[in-house]
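In order, the protein sequence lines correspond to chains A and B. Residue numbering for the first sequence is 13 to 301, as defined by this note's numbering. Residue numbering for the second sequence is 14 to 346, as defined by this note's numbering. A virtual CB, placed ideally from N, CA and C, is assigned to each residue, including glycine.
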Amino acid sequence: MPIDYYLNIAASGLLTGLVYGLAALGLSVIFGVVRVVNFAHGEMMVAGMYGAVLLGGWFGIDPLLSAPAMAALLFAAGWLLQRGLVNRFVERPEHMQFILLLGIATVLVNAMLMLFGPDARNVQVPYSFDTVEIGSLLLDAVRLRAGAAAVLVAAALFAFFRFSRTGKAIRACADNPLGARVVGLNIDGLYALTFGIGAAVVGVAGALMTLLVDARPQLAPEYTLLSFIIVIVGGLGSLPGALLGGMLIGVSEALAGFLLMPSLKSLFSYGVLIVVLLLRPQGLLGKRS
Amino acid sequence: MGTLGVTGRGLVLMVLAALLLAVAPFVADRYLLSVLTTVLWFAYVGQAWNVMMGFSGLLSLGHALYVGLGAYVSAALFVHFGIGPWAGLVPAVLAAVLAGCIIGFLGFRFGVKGVHFALLTIAFAEVARIGFDHITWVGGSAGFFLPVGAGENDLLNLRGSPTLFYYVVLGLVLGALALSRLLLHSRLGYQWLAVREEPDAAEASGVDLFRARMTAVAVSSALTALGGVFQAFYFNNLFPEQVFSMGRSIEIILPAIVGGIGTLVGPILGAFILTPLGEVLTFVIEAGGLDLPGLKQLFYGAALVVIVVFRPEGVWPWLARRLRLVRQPGEES
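Laid out in structure tokens, this is it:
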């Protein structure tokens, strides 16, 4: 049954895409509030991957369980980065911010290359080769768990921004920084908090990603670009858009890898990006500015 | 304007630097000459990038695309049809300009701005990288090689000794410097600056934004493609993973950022700071018996952060002020 074949590939692409989407969510949160493009995003994600790999190697901890630890670690790193460096660039021209984060990304990726070497590393989990049958679909247990965890974290993030006081304050900041300052919100503090949250989210995405791919430093720039593409395809500043974009890219990558050549799969993502930039520059779920 | 706004001291230094560069092959050994050639190459492509970002405010992070197109087109014509680089550079430049104009047209017509435009340039460079990996006519991912000559200096086919290549790239740098200066003080240059600083005001005063930006992309991509032609014939090998890589695009923008975006001397000074520092670092690492593959790049990244935090306008404007190499506004000549 060839149609089942395609459905299977699309479904596993969708699950991978949820993790991509979670990573892009972090980028979207930071850009939407601080208005700085985190060009070190993929590097932070791979840092999360290596964290999970190390915890798995040393103590045999499942990446699903090391994800909260990675969230805490990257939250601290993101908070410090915003406080220490990025905050003084918020008012500077766009290309300056870009260059600053490019420098940070270069430092991070090469530090990881020096620390861990260029070889791929992974985590062993007991359910590595298990499959789960849902109807006519046959899905990898790792993919299913990673996808489910990604949805869970994304839902928690949506709830935080929708219902909590701090979440509302951050949204106020994003809407109108000047107005937020006028009503007495601590903008710098909220920016640092937001950068921390964005970094924490991508740290979780990294930990989950270790279930699906081996950690390599070379992945970092790829994931930065991928998150970028997803955010723009989904719509800048739209959180549901980032998840939708992630799923779309995940499915198209999986199908392109299967139908064409695996080495051509990222070509497909760039194709999707170029088409979206031209036909709908605000993204699928974005609002026209 | 007789001395181009440069003080007497600045003029003396510039002439001295030009003289030193002119006689360098007679005093430098083979290694030093190769380092100088690399420095000048990065100075040249940095100048080419500067036309887009520095003069017109268009952030391109995909300049490796134009280097690669220039390199591959000229190399393919040479290897497959025996067409020399001087004739081959015409189609090579045209290919890069065409790519630049497609990106520019898509970007400017559809209002893709700032970071989004930068991403569009990255996307096209990445598409080219992956695409060239699969074009077997030019070797695909296994690389494309030019026949290495017998060592006879042959300027017509750009085959020969390191000294020949040194003078060719020195000529490129000086030519780009002259062209940049000419452009910056032309009607077009003033339009670029206006578009960079205040696009709305520029448009209101009658500047055709689209045309000004497109010419900036065309000039920049054409110049960069010449750097690509040089690279192909100097190194004799091309790999899509290197030529079109994002890392290469970043290396291209570094000299101008470090030296001073939008200045004439900045990209040249930046290249003279960065490449030798990288060489010294490599030397120190090797002398220390360490094997740390990422250290040099880590250093470049840290340099980028330090520069952008402490000298956001670049080293050259600061140095020129400090050493009184250029006349300050309002200063008597």
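Let me know the secondary structure DSSP gives residue i once reduced to three states.
{"i": "Phe-141 of chain A", "result": "coil"}
{"i": "Phe-123 of chain B", "result": "coil"}
{"i": "Leu-277 of chain B", "result": "coil"}
{"i": "Arg-104 of chain A", "result": "coil"}
{"i": "Arg-228 of chain A", "result": "coil"}
{"i": "Arg-157 of chain A", "result": "helix"}
{"i": "Arg-324 of chain B", "result": "coil"}
{"i": "Arg-226 of chain B", "result": "helix"}
{"i": "Gly-307 of chain B", "result": "coil"}
{"i": "Pro-104 of chain B", "result": "helix"}
{"i": "Ser-73 of chain B", "result": "coil"}
{"i": "Asp-16 of chain A", "result": "helix"}
{"i": "Lys-299 of chain A", "result": "coil"}
{"i": "Leu-26 of chain A", "result": "helix"}
{"i": "Asn-122 of chain A", "result": "helix"}
{"i": "Arg-47 of chain A", "result": "coil"}
{"i": "Ile-148 of chain B", "result": "coil"}
{"i": "Phe-178 of chain B", "result": "helix"}
{"i": "Gly-247 of chain A", "result": "coil"}
{"i": "Arg-43 of chain B", "result": "helix"}
{"i": "Thr-222 of chain A", "result": "coil"}
{"i": "Leu-198 of chain A", "result": "Looking at the sequence provided, one finds Asn at residue 198 of chain A rather than Leu. DSSP places Asn-198 of chain A in coil when its eight states are reduced to three."}
{"i": "Val-220 of chain B", "result": "coil"}
{"i": "Ile-116 of chain A", "result": "helix"}
Is any heavy atom in the ligand SAM found nearer than 7 Å to the beta carbon of residue i?
{"i": "Gly-249 of chain A", "result": "Ligands in the displayed structure: none, and consequently the ligand SAM is not present."}
Tell me, which residues are paired with residue i by DSSP?
{"i": "Arg-172 of chain B", "result": "B:Asp-167"}
{"i": "Asn-250 of chain B", "result": "B:Phe-158"}
{"i": "Val-19 of chain B", "result": "B:Val-339"}
{"i": "Asp-152 of chain A", "result": "A:Thr-143"}
{"i": "Arg-194 of chain B", "result": "Paired residues: none, contrary to the question."}
{"i": "Arg-133 of chain A", "result": "A:Ala-227"}
Keeping to the same chain, check which residues put their C-beta closer than 7 Å to that of residue i; ignore five residues upstream and five downstream.
{"i": "Leu-253 of chain B", "result": "Here residue 253 of chain B is Pro; the residue named in the question, Leu, does not match the sequence. Same-chain partners within the cutoff: Arg-142, Phe-145, Asp-146 and Ser-154."}
{"i": "Leu-202 of chain A", "result": "Ala-181, Ile-182 and Cys-185"}
{"i": "Ser-47 of chain B", "result": "Pro-175"}
{"i": "Leu-183 of chain B", "result": "Leu-34 and Leu-53"}
{"i": "Thr-51 of chain B", "result": "Thr-288"}
{"i": "Ile-135 of chain B", "result": "Leu-74, Gly-75 and Met-259"}
Can you list, in chain order, the residues of its chain whose CB lies under 8 Å from that of residue i, leaving out five sequence neighbours each side?
{"i": "Leu-332 of chain B", "result": "Leu-282 and Leu-338"}
{"i": "Ser-218 of chain B", "result": "Ala-207"}
{"i": "Tyr-282 of chain A", "result": "Ile-241"}
{"i": "Leu-169 of chain B", "result": "Gly-97 and Trp-99"}
{"i": "Arg-22 of chain B", "result": "Leu-336, Arg-337 and Leu-338"}
Compute the Euclidean distance between the alpha carbons of residue i and residue j, then round it to the nearest angstrom.
{"i": "Phe-323 of chain B", "j": "Ala-22 of chain A", "result": "49 Å"}
{"i": "Phe-91 of chain B", "j": "Ala-229 of chain B", "result": "29 Å"}
{"i": "Phe-123 of chain B", "j": "Tyr-85 of chain B", "result": "30 Å"}
{"i": "Gly-54 of chain A", "j": "Leu-86 of chain A", "result": "12 Å"}
{"i": "Arg-47 of chain A", "j": "Trp-329 of chain B", "result": "30 Å"}
{"i": "Ala-225 of chain B", "j": "Leu-119 of chain B", "result": "15 Å"}
{"i": "Asn-250 of chain B", "j": "Ser-176 of chain A", "result": "58 Å"}
{"i": "Leu-291 of chain A", "j": "Leu-285 of chain A", "result": "10 Å"}
{"i": "Leu-4 of chain B", "j": "Ala-112 of chain B", "result": "With chain B running from 14 to 346 in the structure shown, residue 4 of chain B is simply not present."}
{"i": "Ala-215 of chain B", "j": "Gly-202 of chain B", "result": "13 Å"}
{"i": "Val-318 of chain B", "j": "Val-165 of chain A", "result": "32 Å"}
{"i": "Gly-253 of chain A", "j": "Leu-297 of chain A", "result": "5 Å"}
{"i": "Ala-192 of chain A", "j": "Phe-130 of chain B", "result": "30 Å"}
{"i": "Glu-106 of chain A", "j": "Gly-272 of chain B", "result": "19 Å"}
{"i": "Ala-56 of chain B", "j": "Ala-284 of chain B", "result": "5 Å"}
{"i": "Glu-103 of chain A", "j": "Gln-109 of chain A", "result": "9 Å"}
{"i": "Phe-257 of chain B", "j": "Glu-139 of chain B", "result": "7 Å"}
{"i": "Ala-167 of chain A", "j": "Gly-257 of chain A", "result": "16 Å"}
{"i": "Ile-209 of chain A", "j": "Arg-261 of chain B", "result": "32 Å"}
Excluding the 5 residues flanking residue i on each side, which residues of the same chain have their C-beta closer than 6 Å to its C-beta?
{"i": "Arg-209 of chain B", "result": "Ser-69 and Gly-70"}
{"i": "Ser-233 of chain B", "result": "Ala-61, Val-64 and Met-65"}
{"i": "Gly-179 of chain A", "result": "Phe-172 and Phe-173"}
{"i": "Ala-109 of chain B", "result": "Tyr-79, Leu-82, Gly-83, Ser-234 and Ala-238"}
{"i": "Glu-345 of chain B", "result": "Summary for Glu-345 of chain B: the model assigns pLDDT 46, below 50, so the residue's position carries little reliability; its value from the coordinates is reported in the next sentence. Result list for Glu-345 of chain B: empty, nothing under 6 Å."}
**Prompt:** How do the stretch 218–226 of chain A and the stretch 26–45 of chain A stand: do at least 3 beta-carbon pairs fall below 8 Å, yes or no?
**Reply:** Cβ pair count under 8 Å is three or more, so yes.
**Item:** Stretch pair the stretch 238–253 of chain B + the stretch 287–296 of chain B: three plus CB contacts closer than 8 Å
**Value:** No, they do not touch.
**Prompt:** Can you find at least 3 beta carbon pairs, one from the stretch 133–149 of chain A and one from the stretch 57–69 of chain A, that sit closer than 8 Å?
**Reply:** As far as the Cβ criterion goes, the stretch 133–149 of chain A touches the stretch 57–69 of chain A, which means the pair count is three or higher.
**Asked** Does the stretch 313–321 of chain B come within contact of the stretch 109–125 of chain A, defined as at least 3 CB pairs closer than 8 Å?
**Response** Judged by Cβ distances under 8 Å, the stretch 313–321 of chain B makes contact with the stretch 109–125 of chain A, as three or more pairs qualify.
**Message:** Can you confirm whether the stretch 256–269 of chain A touches the stretch 98–112 of chain B when touching is taken to mean that 3 or more C-beta pairs between the two stretches lie within less than 8 Å?
**Reply:** Counting C-beta pairs with one atom in each stretch, the stretch 98–112 of chain B and the stretch 256–269 of chain A have fewer than three that are closer than 8 Å, which means they do not touch.
**Request:** Please confirm if the stretch 258–268 of chain B is in contact with the stretch 60–79 of chain B, defined as three or more CB-CB distances below 8 Å between the two stretches.
**Result:** Contact between the stretch 258–268 of chain B and the stretch 60–79 of chain B is present, because at least three Cβ pairs lie under 8 Å.
**Message:** For the structure I just gave you, are there three or more beta carbon pairs, one from the stretch 111–118 of chain A and one from the stretch 36–51 of chain A, closer than 8 Å?
**Reply:** Yes: the two stretches touch, three or more of their Cβ pairs being nearer than 8 Å.
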